Amino acid sequence: MKRCFCVISRFIYISAERNKGASLVSNVSRYYSGSAAAKTRSDLRWEESKSSDSQKWSRLEHKGPYFAPEYDPLPDNVPFYYDGRLLKLSPATEEIATFYAKMLDHEYTSKEVFQNNFFTDWREEMTDEERKLIKTLSKCDFSHMHKYFVEKSEERKNMTKEEKQVLKEESSRLMEEYGFCVLDGHREKIGNFKLEPPGLFRGRGEHPKMGKLKKRIQPEHVTINCSQDSKIPEAPAGHRWKRVQHDNTVTWLASWLENIHGRPKYIMLNPSSKLKGEKDWQKYETARQLKVCVNAIRKQYKRDWTSREMKSRQRGVAIYFIDKLALRAGNEKDEESADTVGCCSLRVEHISLHRRLDGLEHVVEFDFLGKDSIRYYNKVPVEKQVFKNLKLFIKHKDPEDDLFDRITTINLNKALNECMPGLTAKVFRTFNASTTLQDQLNKLTTEDMTVEEKILSYNRANRAVAILCNHQRAAPKTFEKSMQILQEKIQKKKEQIEEAKKELKEAKKAHKDAPSDKSKKLVEKKEKLVQRLCEQLKKLQLQETDREENKVIALGTSKLNYLDPRITVAWCKKHNVPIEKIYNKTQRDKFTWAIHMTDENFQF
DNA sequence: GGTGTGACTTGTACCAACTGCC
DNA sequence: GGCAGTTGGTACAAGTCACACC
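Just so you know, we're using my numbering here: the first sequence kicks off at 859 and counts up by one.
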């Protein structure tokens, strides 16, 4: 096994070095090759080099985070009743009560875990007097608070244009003041300059901590990261920062510990920034390197299926799943989070083995909750040896036992890294997603298509990737209704076409009976009308297909995180599809690097 | 080799802003 | 101009993975 990995490693090392040598130079030159005029000051950033890989910047200056506004107590006419008795809550207690009251419309507030967590945390923040009094959540009447917030929300919606303009200007001012930093002399947009306001933690799926109080972040909780010679951000009046540090090996501007899990959170740059863009580009380059050696890796993991060592067999099957099904690595999780799994953390209960199913042999049926508690359900025919191994792995195990009990994501990634420097489980997802997009685009696009048809093809290719990566979304609430409206439009258009055709026929007849310039013009006019209506119908039908196929599939995640944007840019250029039809403004900003450096011949 | 921590990416839901239709 | 439907941006949760430490 190890020997084989070494052979592969050497082979890859040569390819990687070859790539690396050419990469930065060709990257930058390709970046400019598209448009000399586009070479602006901000573009030049890409030519700058850092003194080492770990150093992320030389100079960093920013204003620090923007804090959530202080709590504004409820007006006196919004009562709170406990057990039928009117109570005036202390501001801190009232604030937490409002978090709950605002959520009453959501189904999860009725869950026992949510209620228990909320009530426990709420009582901790109460005054002694309040705590003595308020002992049962069901006796609390939040309905007046709830009504107040519904009304407030309505008021906001009904604001005049001028009032909305004032808010917009205030928001722009904040963005201008806090939303940018200066990194190595360039003004860069910050991703999340506003600190998260206090509230109740929701979590996704059956999260054991749902309903817990997310406490207000104070300056004393925040660490600032900036360069020593920069103007250090000032803490709000009467406060001071937890710490000010000058660590240029990290990219974050500020951090704090969130109180729910005790994990750090960060203020970081926007995806359009140079720092993020370079990282993104590197990610896709690593995935392209995998393309060079994936055949050797596949041969190796197939050999591992018959290894004498159980660990190797399990690793071989796990990498096969990661490669074939684009499963996530599946790190171990603590008890304090929702019960979700990935490849390495799959349990026996998550798979069913069928020697024969739906006319196929050796079918594995997967059914588990993955990231964000999204269900992964798939029936996959696998190689006979994989099937045999799985039977072996589950032998004498209970449903709740680990399927792959001899491996972890750490040693799996270690083995992958020996195959190819920088290779980890998630690289397979990027690689398979981008490869799928490229293949599908090649298959689904022909020159004779209209731009609308090409866009449908693109969305279908994008959809194939989203399905592979299991990117699901809840069907939009208005889906059925909007489909019905669209279908009515289609029906109406069909009727219009029938009518127009009839009129055309009549015009032709009239022209035949008594030809004149006027009758000729009328025929031409009717012909044009029929043609225009048919085009409109086709467009509507394409829209219908696209929307129907997209009902529960989320395309955004793969577009933003898994599909090498150069594939898209090259396809747009080759097929004369305006890039604006595929990427919106934000996406174009994020992928500026790809838009500049890619010509129509790019191949992933 | 196991565990904890930190840094960063990936992911969905929600809501405000925008768009197109009547 | 008003409204409904759609889109885009934001919020923030939940992953991955590297690294330090024992």
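All residues carry an ideal CB built from backbone N, CA and C; glycine is no exception.
All figures in this text were calculated on a predicted structure; none of them were measured in a lab.
**Asked** Roughly how many whole angstroms lie between the Cα atoms of ALA1324 and LYS1443?
**Response** For the purposes of this step, residue 1324 is identified with residue 466 of the first sequence, where counting begins at 1. For the purposes of this step, residue 1443 is identified with residue 585 of the first sequence, where counting begins at 1. Looking at the two C-alpha atoms, the distance is approximately 21 Å.
**Message:** Looking only at its chain, what residues have a beta carbon closer than 6 Å to the beta carbon of PHE1460, apart from the 5 residues adjacent to it on each side?
**Reply:** Along the first sequence, read from residue 1 onward, the residue named residue 1460 stands at position 602. The beta carbon of PHE1460 is closer than 6 Å to those of ARG1424, ALA1428 in its chain, skipping five residues each way along the sequence.
**Request:** Give me the Cα-Cα distance between TYR1178 and ASP1422, rounded to the nearest whole angstrom.
**Result:** The sequence position of residue 1178 within the first sequence is 320, counting from 1. The sequence position of residue 1422 within the first sequence is 564, counting from 1. For TYR1178 and ASP1422, the distance between alpha carbons rounds to 23 Å.
**Asked** Could you give the distance in angstroms between the alpha-carbon of GLU1073 and the alpha-carbon of CYS1039?
**Response** The residue labelled residue 1073 in the question sits at position 215 within the first sequence. The residue labelled residue 1039 in the question sits at position 181 within the first sequence. Reading off the sequence, residue 1073 comes out as Lys, not Glu. Straight-line measurement puts the Cα of CYS1039 at about 27 Å from the Cα of LYS1073.
**Asked** Taking Cβ to Cβ, would you say LEU1248 is nearer than 8 Å to VAL1221?
**Response** On the first sequence, residue 1248 is found 390 positions in, with the first residue counted as 1. On the first sequence, residue 1221 is found 363 positions in, with the first residue counted as 1. Here LEU1248 is not near VAL1221, since their CB atoms are 8 Å or more apart.
**Message:** At the level of alpha carbons, what is the spacing between ILE1440 and GLU1311?
**Reply:** Here residue 1440 is taken as the residue at index 582 of the first sequence, counted from 1. Here residue 1311 is taken as the residue at index 453 of the first sequence, counted from 1. Roughly 13 Å between the two C-alpha positions.
**Stretch-stretch touch, CB-based, cutoff 8 Å, three pairs: the region 954-965 with the region 999-1009** = By the Cβ test, the region 954-965 is in contact with the region 999-1009, since at least three Cβ pairs between them sit closer than 8 Å.
**Asked** Within 10 angstroms of its Cβ, does ASN1106 collect 16 or more other Cβ (buried), or is it exposed?
**Response** If you number the first sequence from 1, residue 1106 lands on position 248. Looking at its Cβ environment, which holds 16 or more other Cβ atoms inside 10 Å, ASN1106 is buried.
**Prompt:** Does DSSP put THR1426 in a helix, a strand or coil?
**Reply:** Residue numbering aside, residue 1426 sits at position 568 when the first sequence is read from its first letter. Helix.
**Item:** Classification of GLU1020 by the beta-carbon crowding that lies within 10 angstroms, buried from 16 upward
**Value:** Here residue 1020 is taken as the residue at index 162 of the first sequence, counted from 1. Exposure of GLU1020 is indicated by the presence of fewer than 16 other C-beta atoms within 10 angstroms of its C-beta.
**Asked** Could you check where the alpha helix (DSSP H) with CYS1277 kicks off and where it finishes?
**Response** Taking the first residue of the first sequence as 1, we reach residue 1277 at position 419. Here the alpha helix (DSSP H) through CYS1277 covers 1267-1277.
**Prompt:** Once you ignore the five residues that flank GLU1194 on each side, which residues in its own chain have a CB closer than 8 Å to its CB?
**Reply:** Residue 1194 sits at position 336 when you count from the first residue of the first sequence. Within the same chain, GLU1194 has close Cβ partners PRO1066, LYS1067, HIS1119.
**Request:** Have a look at GLY1217, CYS1201, ARG1205, PHE1224 and flag the residue whose alpha-carbon is nearest the alpha-carbon of LEU1211.
**Result:** Indexing the first sequence from 1 puts residue 1211 at position 353. Closest by C-alpha distance to LEU1211, out of GLY1217, CYS1201, ARG1205, PHE1224, is PHE1224.
**Residue interval of the alpha helix (DSSP H) (run including VAL1008)** = The residue labelled residue 1008 in the question sits at position 150 within the first sequence. VAL1008 -> alpha helix (DSSP H) spans 1001-1015.
**Prompt:** Rounded to a whole number of angstroms, what is the C-alpha to C-alpha distance between ILE1451 and THR951?
**Reply:** Reading the first sequence from its first residue, position 593 is the one you call residue 1451. Reading the first sequence from its first residue, position 93 is the one you call residue 951. Residue identity check: residue 1451 is Trp in the sequence provided, not Ile. Taking the straight line joining both Cα atoms gives about 50 Å.
**Residues that SER799 bridges to, as DSSP identifies them** = Nothing about residue 799 can be read from this structure; the chain reaches only from 859 to 1462.
**Prompt:** Quick one, which of LEU1215, ARG1287, PRO1239, GLN1103 has its alpha-carbon nearest ARG1186's?
**Reply:** Walking along the first sequence from the start, residue 1186 turns up at place 328. The residue with the shortest Cα to Cα distance from ARG1186 is ARG1287.
**Nearest-angstrom Cα separation, counted from HIS1254 out to TYR1159** = By 1-based counting over the first sequence, the position of residue 1159 is 301. By 1-based counting over the first sequence, the position of residue 1254 is 396. Approximately 25 Å, taken between the alpha carbons.
**Request:** Along the beta strand (DSSP E) that carries PRO1091, what are the first and last residues, could you check?
**Result:** To locate residue 1091, count along the first sequence from 1; it is residue 233. For PRO1091, there is no enclosing beta strand (DSSP E), as DSSP marks it with neither H nor E.
**Asked** Which stretch, first to last residue, makes up the beta strand (DSSP E) that contains CYS1151?
**Response** As a working note, residue 1151 is residue 293 in the first sequence. Note, CYS1151: premise wrong, no beta strand (DSSP E); alpha helix (DSSP H) at 1132-1162.
**Request:** Mind checking which residues open and close the alpha helix (DSSP H) that includes PHE1226?
**Result:** Taking the first sequence and counting its residues from 1, one reaches residue 1226 at position 368. Per DSSP, PHE1226 is not a residue of any alpha helix (DSSP H); the beta strand (DSSP E) it occupies stretches across 1218-1227.
**Prompt:** Taking the Cβ atom as the reference point for each residue, do LEU1145 and LEU1326 lie within a distance shorter than 8 Å?
**Reply:** What you label residue 1145 is simply residue 287 of the first sequence in a count that begins at 1. What you label residue 1326 is simply residue 468 of the first sequence in a count that begins at 1. For the sequence presented, residue 1145 should be read as Ala rather than Leu. For the pair ALA1145 and LEU1326, the CB atoms are not nearer than the 8 Å cut-off.
**Item:** Rounded distance between the beta-carbons of PHE1226 and TYR1234, thought under 8 Å
**Value:** Residue 1234 sits at position 376 when you count from the first residue of the first sequence. Residue 1226 sits at position 368 when you count from the first residue of the first sequence. The beta-carbon separation of TYR1234 and PHE1226, rounded to 6 Å, stays under the 8 Å limit for a contact.
**Asked** Just the Cα atoms here: how many angstroms apart are PHE1007 and GLU1406?
**Response** Within the first sequence, numbered from 1, the residue matching residue 1007 stands at position 149. Within the first sequence, numbered from 1, the residue matching residue 1406 stands at position 548. Taking the straight line from one Cα to the other gives about 36 Å.
**Asked** By a C-beta neighbour count over all protein chains shown, 10 Å radius and 16 as the cutoff for buried, is GLY879 buried or exposed?
**Response** Locating residue 879 in the first sequence gives position 21, where the first residue counts as 1. For GLY879, the pLDDT reaches just 30, beneath the cut-off of 50, and the residue's location in the model is therefore unreliable, although a value from the coordinates is still provided. Under this definition GLY879 is an exposed residue.
**Contacts around LYS1047, its chain only, beta-carbon distance under 8 Å, and the 5 residues preceding and following it disregarded** = Translated into positions along the first sequence, residue 1047 becomes position 189. By the criterion of a C-beta distance shorter than 8 Å, LYS1047 is surrounded in its chain by GLY1037, PHE1038, LEU1127, ASN1128, SER1130, SER1131, once the five residues flanking it on both sides are discounted.
**Asked** Where does TYR1234 fall in DSSP's three states?
**Response** The residue labelled residue 1234 in the question sits at position 376 within the first sequence. Residue state, collapsed to three classes: strand.
**Request:** Can you tell me which of LYS1432, VAL1435, THR1415 puts its alpha carbon nearest to the alpha carbon of GLN1445?
**Result:** Position 587 of the first sequence, counted from the start, is the residue given in the question as residue 1445. Of all alpha-carbon atoms in LYS1432, VAL1435, THR1415, the one lying nearest the alpha-carbon of GLN1445 is that of THR1415.
**Beta carbon of LYS1384 nearer than 8 Å to that of GLU1361** = Here residue 1384 is taken as the residue at index 526 of the first sequence, counted from 1. Here residue 1361 is taken as the residue at index 503 of the first sequence, counted from 1. Yes, these two residues count as a Cβ contact at 8 Å.
**Cα-Cα separation between VAL1381 and LYS1366, rounded to whole angstroms** = In the first sequence, residue 1381 corresponds to position 523, counting from 1. In the first sequence, residue 1366 corresponds to position 508, counting from 1. Whole-angstrom Cα-Cα distance: 6 Å.
**Asked** In or out: LEU1133 buried (at least 16 other Cβ within 10 Å) or exposed?
**Response** Taking the first residue of the first sequence as position 1, residue 1133 is located at position 275. Buried, since its Cβ has 16 or more Cβ neighbours within 10 Å.
**Request:** Throw me the rounded Cβ distance for the ILE1082 and GLY922 pair, which I believe falls under 8 Å.
**Result:** On the first sequence, residue 1082 is found 224 positions in, with the first residue counted as 1. On the first sequence, residue 922 is found 64 positions in, with the first residue counted as 1. Yes, ILE1082 and GLY922 are in contact; Cβ-Cβ is about 6 Å, under 8 Å.
**Message:** To the nearest angstrom, how far is the alpha carbon of PHE1462 from that of THR1304?
**Reply:** For the purposes of this step, residue 1462 is taken as residue 604 along the first sequence, with counting starting at 1. For the purposes of this step, residue 1304 is taken as residue 446 along the first sequence, with counting starting at 1. Going by the C-alpha atoms only, they are around 19 Å apart.
**Request:** Please list, in chain order, all residues of the same chain as ILE954 whose beta carbon is under 7 Å from its beta carbon, the five residues on each side excluded.
**Result:** Here the question's residue 954 lines up with position 96 in the first sequence. Only TRP980, GLU983, LEU1071 meet the Cβ criterion.
**Prompt:** Taking contact to mean at least 3 C-beta pairs separated by less than 8 Å, is the region 1159-1176 in contact with the region 1264-1274?
**Reply:** Three or more pairs of CB atoms, one per stretch, sit closer than 8 Å, so the region 1159-1176 contacts the region 1264-1274.
**Prompt:** Roughly how many angstroms lie between the CA atoms of TRP1099 and ASN1320, to the nearest whole one?
**Reply:** Locating residue 1099 in the first sequence gives position 241, counting from the first residue. Locating residue 1320 in the first sequence gives position 462, counting from the first residue. Rounded to the nearest angstrom, the two C-alpha atoms are 45 Å apart.
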